[in-house]
Every structure is written in structure tokens, then in C-alpha cells.
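Undergrad:
Structural data, given as C-alpha cells:
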């Protein structure tokens, strides 16, 4: 199972269970109550190993943030953002839309114009950690780009 499908499943389950808890009057329909619910929900998902291991690190990160920040964890907003992003760009059941080399280059150019930290020249043959101190960053392996696109850029 791919990460894309799994994260969509996680978000759908979180919001479905939150809505059911609100409908059953187990959770108040208030921002703080929803944050607490989602934090506990993520912790239980990790504990029960409900989802594929590809999302385990995400669930653990959300659990830790909920424990640290409580009602200020921002889980509901992040979950909504993830759900919106993945359902827009990766609709379940529809064929993937191919990305062309020109589109990738345009994205890199826009990131450069926006002041992002870019790494596009160094081959990546291992796990890499970029320390950007909060600055947006993008890493693109040139060998992977060459392998992904044919001479026509498709």
C-alpha cells in the first residue's frame, strides 16, 4: 500500500471518527475538544498499529506534539491541510497525471525565485538531512531526474 493512499485513509478515519464522536455527544464541537480528540486518536492509532507502517512516524510526531502543546498542537488544521492536499493532487481511483520535466523545472525556478534553499546538483545515494533552520528547502537528485524523464521530457 502506498503512502499516498495510506495517509488519505488516516485522514478520512480521523475526521470520520471525530464527526461520529461529536454526533454521539462524546466530544464537544469546539476547537479545543477537537484538538484533544485528534491527539488521543493519533496516540491510539500508534498504540493499536491501525495503519501501515509508512505513516507511523507521522502518527508518532502528531502524538508527541499533542502531548507537548495540548490544545495548541494545531492537529486539526494540519489534518485538514493534508486531506485537502492529497485529495486534490492524488484522487483515489483516478489515474495519476504524468509530470513533465518542464513542470519540474518550473517548480524549481519558482522555488528559487521565492528564496528556497535548493539542492539540485548533488547525487543522493543515501538518506540526507538538510538543516535549513526553518527556511523552505527542496532536494532533487539529478540522477533520479535523468532516470525519470525521457528525451522528450515525459
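Numbering (this note's numbering), first residue to last: 1 to 154. Ideal Cβ positions, reconstructed from N, Cα and C, are used throughout, including at glycine.
Going by alpha carbons, who is nearest to residue 9 out of 143, 51, 72?
TA: Here residue 9 corresponds to residue number 9 of the chain shown, with the count starting at 1. When each option's Cα is compared against that of residue 9, the closest is 51.
Undergrad: Can you grab the Cα-Cα spacing for the pair residue 7 / residue 55, in whole Å?
TA: Residue 7 sits at position 7 when you count from the first residue of the chain shown. Residue 55 sits at position 55 when you count from the first residue of the chain shown. So the alpha carbons of these two residues sit roughly 7 angstroms apart.
Undergrad: Leaving aside the five residues before and after residue 29 along the sequence, list all residues of the same chain whose C-beta is less than 7 angstroms from its C-beta, in chain order.
TA: Position 29 of the chain shown, counted from the start, is the residue given in the question as residue 29. Once the five neighbours on either side are set aside, the close Cβ partners of residue 29 are 22.
Undergrad: Do you know whose CA, among 150, 122, 152, lies nearest residue 139's CA?
TA: Within the chain shown, the letter at position 139 stands for residue 139. The residue with the shortest Cα to Cα distance from residue 139 is 122.
Undergrad: For the putative contact between residue 45 and residue 59, defined by C-beta atoms under 8 angstroms, what is the C-beta separation to the nearest angstrom?
TA: By 1-based counting over the chain shown, the position of residue 45 is 45. By 1-based counting over the chain shown, the position of residue 59 is 59. Yes, they are in contact, since the Cβ atoms of residue 45 and residue 59 sit about 5 angstroms apart, within 8 angstroms.
Undergrad: On the DSSP bridge list, what partners appear for residue 137?
TA: Against the chain shown, residue 137 aligns to sequence position 137. Bridge partners of residue 137: 117.
Undergrad: I need the DSSP call for residue 90, collapsed to helix, strand or coil.
TA: For this step, residue 90 is matched to residue 90 along the chain shown. Coil, per DSSP.
Undergrad: Quick one: is residue 93 buried, meaning 16 or more other Cβ sit within 10 Å of its Cβ, or exposed?
TA: Walking along the chain shown from the start, residue 93 turns up at place 93. By the 10 Å Cβ count, residue 93 comes out exposed.
Undergrad: Return the first residue and the last residue of the alpha helix (DSSP H) that residue 146 is part of.
TA: Taking the first residue of the chain shown as 1, we reach residue 146 at position 146. Run containing residue 146: 142 to 148, per the alpha helix (DSSP H) assignment.
Undergrad: Between the Cα of residue 12 and the Cα atoms of 115, 79, 144, 27, which residue gives the shortest distance?
TA: Position 12 of the chain shown, counted from the first residue, corresponds to residue 12. Closest by alpha carbon: 79.
Undergrad: Excluding the 5 residues preceding and the 5 following residue 86 in the sequence, name in chain order all residues of the same chain whose CB lies nearer than 8 angstroms to its CB.
TA: Taking the first residue of the chain shown as position 1, residue 86 is located at position 86. These residues qualify, in order along the chain: 4, 7, 8, 11.
Undergrad: Going by DSSP in three states, residue 124 sits in which element: helix, strand or coil?
TA: Mapped onto the chain shown, residue 124 falls at position 124. Note: residue 124 maps to coil in three-state DSSP.
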